[in-house]
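Colleague: Structure below; questions to follow.
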Amino acid sequence: RRISKKKTGWKEESYLDVYQASLLENDSLSAPTEVEDINTIWHDGPACVSSDGNTIYFSRDSRVIDDYEDIKNIKTKFSQMYLFKATKVNNKWSEAKQLPFNSKTYSISNPSISIDGKTLYFNSNMPGGFGGRDLYYTTYNKKTDSWSNPVNMGKEINTAGNELFPTFSKDGDLLFATDGLPGMGGLD
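If you want the numbering used here, it's the position in the sequence shown, counting the first as 1, plus 25.
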């Protein structure tokens, strides 16, 4: 997080930003650098990048597009997290476009794209779930250049708690954090 960046009103911490690093020959990472084409003054991230490195999906605060609820009696603007997509053009990220299932009434965040680029996984507190935040997926149709309606991953995955940060192992196993199953506490 950039220390000089605008602070959240909630915890007085800096908003999130997207950074990048390169894998070096010794399997360590280079020093992280900010992805300036993506970051705004609001929350940007987490993010995932397609296997070819040319498409980035990321969470972003809806205030970036002036989509928020202005609650005047407590002097605050209540926003949601939306998912955005940008593609690499001439080694720079294009203007980000929001995905079609974003909504003022719920948040969508923590994207993870499949290796083939056809399935996007994320969490959301959209209506009809099993708990606070559930894991969902949507599939991309290249012919129509469109995403399917989000599908809840079901009660085998989702609990009455929160499921966050979906990703996949090299073997194809779904990995995610949850506070809805027994463990050491928190999101384990």
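For every residue, glycine included, the Cβ atom is placed at its ideal position computed from N, Cα and C.
1. Kindly list the residues whose CB is nearer than 7 Å to the CB of Leu-212, restricted to its own chain and excluding five residues on each side of it in sequence; keep chain order.
2. To the nearest angstrom, how far is it from the Cα of Cys-73 to the Cα of Phe-109?
3. Measuring alpha carbon to alpha carbon, tell me which of Pro-191, Tyr-146, Glu-61, Ser-75 ends up nearest Lys-117.
4. Taking all protein chains shown into account, decide if Asp-91 is buried (16 or more other Cβ within 10 angstroms of its Cβ) or exposed.
5. Rounded to the nearest angstrom, how far is the Cβ of Lys-185 from that of Gly-156, given a contact under 8 Å?
6. Using the Cα positions of Lys-195 and Leu-206, report the straight-line distance between them to the nearest angstrom.
7. Just how far apart, CA to CA, sit Pro-57 and Ser-139?
8. Sorted by chain position, which residues of the same chain lie with C-beta nearer than 8 Å to Ala-121's C-beta, five sequence neighbours on each side aside?
9. Tell me which residues share the same chain as Met-151 and place their Cβ nearer than 6 Å to its Cβ, disregarding the 5 neighbours each side in the sequence.
10. With distances taken Cα to Cα, identify the nearest neighbour of Gly-197 among Asp-141, Asn-187, Tyr-165.
11. So which of Gly-78, Lys-129, Asn-127 has the shortest CA-CA distance to Val-114?
12. Which first and last residues belong to the beta strand (DSSP E) in which Val-43 is found?
13. Got a sec, what are the start and stop residues for the beta strand (DSSP E) Asp-69 sits in?
Modeller: Here's the rundown:
1. Leu-189, Ala-202, Thr-203, Asp-204
2. 11 Å
3. Glu-61
4. exposed
5. For the sequence presented, residue 185 should be read as Ala rather than Lys. 4 Å between Cβ atoms; contact.
6. 24 Å
7. 24 Å
8. Ile-63, Phe-83, Arg-85, Phe-109, Lys-110, Ala-111
9. Tyr-131
10. Asp-141
11. Gly-78
12. It is not in any beta strand (DSSP E) - Val-43 carries neither H nor E in the DSSP assignment.
13. 69-74
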